[in-house]
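Contents: one structure, followed by commentary.
Protein chains: 2
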Amino acid sequence: MLKGHLDMIVLAALVGGPAHGYGIIQEIKRRSGGAFDLPEGTIYPTLHRLEKAGYLASHWTTAESGRKRRVYKMTRRGERALSDHRALWQRFADAIGGLFGEKARAPARSHS
Amino acid sequence: MLKGHLDMIVLAALVGGPAHGYGIIQEIKRRSGGAFDLPEGTIYPTLHRLEKAGYLASHWTTAESGRKRRVYKMTRRGERALSDHRALWQRFADAIGGLFGEKARAPARSHS
DNA sequence: ATTGATACATAGCGTTACTAGGCATAGCAT
DNA sequence: ATGCTATGCCTAGTAACGCTATGTATCAAT
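Protein sequence lines correspond, in order, to chains A and B.
For the first sequence, the working numbering gives the first residue as 29, with consecutive numbering after it.
For the second sequence, the working numbering gives the first residue as 29, with consecutive numbering after it.
Structure, rendered in structure tokens:
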């Protein structure tokens, strides 16, 4: 269950550059070490929603293989949204860490 | 949004010892640094569910104040469930970490 | 007496990821 | 030729699940 974090996950997958839906699924799976293997029924509606919100922009392309693909890339608004969502995640993760014993606090993660 | 993590959160709040519903709410709020301020409509049904699942055991008590309280404590099963859920959380958090930039890969955790 | 904190409980709601289904093309093997 | 698999996109409906709203009750303070 990724409730509430899906947008962030999809946006994060596009940080490296534009990609198409099917490729995003694979990229998320790869970067997450196989933990997140999202079904198409999750990704496509999400991409549409994010584009409608102005976080993504898309255009149709034709791959060398001849297949049609819809390629998405992040907008400035999307980058800001990701940044915000990321901060939110940080607070969330810290809060969970706080619940897991006051003593064994999670070590500070090396940020960018 | 705590979707999927609520059970773990409630169980974690009971690690320090038994507590009653209302107190658990405050304990979670305290330990999370105020991030998780769960409404009663979230906690009580959850406690009932966890007890039904055998993760918690409860009994009625009367506080010095004269108030009736239902005190919950974790069972052996609950401890195991928490442990499992915690491992799940670790994988989840690591996966999110993996999505946040490959370059800045999380360094091997500075040991436990 | 009225407000606020404490304390428990539940029915119904709304958000949101997911299931299940559909359509279509390319490449490979039988 | 004919499946079969992977690629590639899409949507309607479902279901899980935390939360809102509401009710009840006791105690302390104003």
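C-beta: ideal position from N, C-alpha, C; glycine also.
Predicted model, so just to flag it, every value in this text is computed and none were measured.
With the rule of 3 Cβ pairs closer than 8 Å, the region 39-54 of chain A counts as touching the region 89-105 of chain A.
Apart from the 5 residues on each side of it in sequence, residue 57 of chain B sits with its Cβ closer than 7 Å to the Cβ of 64, 65 in its chain, given in chain order. Per the C-alpha coordinates, the member of A:35, A:125, A:126, A:117 positioned closest to residue 73 of chain A is A:35.
Residue pairing by DSSP puts residue 100 of chain B in a beta bridge opposite B:47, B:86.
Secondary structure of residue 94 of chain A (DSSP, three-state): coil. In this structure, DSSP gives residue 113 of chain A a helical state, which the three-state scheme calls helix. The continuous alpha helix (DSSP H) containing residue 41 of chain A extends over residues 34-41.
For residue 40 of chain B, a Cβ of chain A is located within less than 8 Å of the residue's own Cβ. CA-CA distance, residue 110 of chain B to residue 86 of chain B, rounds to 17 Å. Chain-ordered, the chain A residues with CB closer than 8 Å to the CB of residue 117 of chain B read 124. Interface with chain A (8 Å Cβ-Cβ cutoff): residue 114 of chain B is included. Residue state for residue 64 of chain B is assigned as coil, using DSSP reduced to three classes. Rounded to the nearest angstrom, the gap between the Cα atoms of residue 90 of chain A and residue 102 of chain A is 20 Å. In chain order, 36 place their CB closer than 6 Å to the CB of residue 113 of chain A, counting only its own chain and leaving out the 5 sequence neighbours on each side. Look at residue 128 of chain B here: in three-state DSSP terms it is coil, with no helix or strand label. The beta carbon of residue 75 of chain A sits no closer than 8 Å to any beta carbon of chain B. Residue 75 of chain A carries a helical assignment under DSSP once its states are collapsed to helix, strand and coil. About 6 Å separates the CB atoms of residue 106 of chain A and residue 39 of chain A; that is less than 8 Å, so the two are in contact.
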